[in-house]
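Okay, structure first, notes after.
Residue numbers (full-length UniProt numbering): 1 to 153.
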């Protein structure tokens, strides 16, 4: 089910022409791929590392594209509007035909709960606080008008 969704998102990628929509689609594909690898490996540490690396790369690309093309209009193509619901319906119908044991979403919920259960809850909270403090520190160090992406006047 997750692999089929990743393949459909990669087909949708061909119809996108705006960098922001491409970045959003790559982020969605990364989250799905990390979820799939976490389920297959029974541990999500590798998935967390992949998500952090991809999101940081997408953040750099987003900042770059926002500084280059800040006033570009975001338009959806008609083929994308038709193609996305069509494949969503195909995905939904194909899920109904699968065996109930293979399409059960219960193991996904169990594996995702490991992150917030008692043994790893403190480590998760420490990582979240560390990332928040890092973000605040970087935003205080970098000045708006002295940064590398400043607008020339």
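We put the CB at the ideal spot given by N, CA and C, even for glycine.
Keep in mind it's a predicted model, so treat the numbers as computed, not measured.
### Query
For residue 17, which option in 2, 60 and 72 has the closest C-alpha, if you only look at C-alpha atoms?
72
### Message
For residue 76, report the span of its alpha helix (DSSP H) as first-last.
### Response
It is not in any alpha helix (DSSP H) - residue 76 carries neither H nor E in the DSSP assignment.
### Query
If you run the structure through DSSP and keep just helix, strand and coil, what is residue 43?
coil
### Query
Going by the CB atoms, is the gap between residue 12 and residue 58 shorter than 7 Å?
no
### Query
Straight-line CA distance for residue 123 to residue 117?
10 Å
### Task
Measuring alpha carbon to alpha carbon, tell me which of 126, 54, 32 and 46 ends up nearest residue 7.
32
### Query
Alpha carbon to alpha carbon, what distance is there between residue 66 and residue 19?
10 Å
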